[in-house]
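Here the structure is laid out as structure tokens; the discussion comes afterwards.
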Amino acid sequence: MVVVLRFVDSSGNVKERFIGIVHVMETSSLSLKSAIDNLFANHGLSLMKVRGQGYDGTSNMKDEFSGLKTLIINENESAYYVHYFAHQLQLALIVMARKYVDIADFFNMISTLMNVVGASCKRKT
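Heads up: take any position in the sequence shown, counting from 1, add 14, and you land on the working numbering.
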């Protein structure tokens, strides 16, 4: 499981930071909640400061009664849930790229271009 935090810094700027990859043996909501609790504890973070959470649409994440979303909201009512629609968009893109080679080539070219721009000298300064 990949954990990324989005937060507002003291200057009011929105930041995103990769916190870590957590290897879980089981993907039940209780197991995932325990893994998140441990990761937060290791970084000195608190779930009580979370104001939003987003996951893909699997039942262990969003289930109204026992999903990860509900477990976190039970602990912190301010941790509103937002569905992560980018996952569905990515799946649709994969289907189209398999069907149309030009689409796959286009996105490969965009990916390469982003890597080059991201690694440019000016960008690093």
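All C-beta atoms, glycine included, are put in the ideal place defined by N, C-alpha and C.
In terms of Cβ geometry, Ala49 and Met15 form a close pair [threshold 8 Å]. In this structure the region 28-48 touches the region 84-94; the number of beta carbon pairs closer than 8 Å is three or more. Counting of Cβ neighbours within 10 angstroms places Gln104 among the exposed residues, the total staying below 16.
When only Cα atoms are considered, Val109 and Asp119 end up about 14 Å apart. Annotation for Glu30: the continuous beta strand (DSSP E) segment containing it runs Val28 to Ile35.
In this chain, Leu59 is not harboured by any alpha helix (DSSP H), its DSSP state being neither H nor E.
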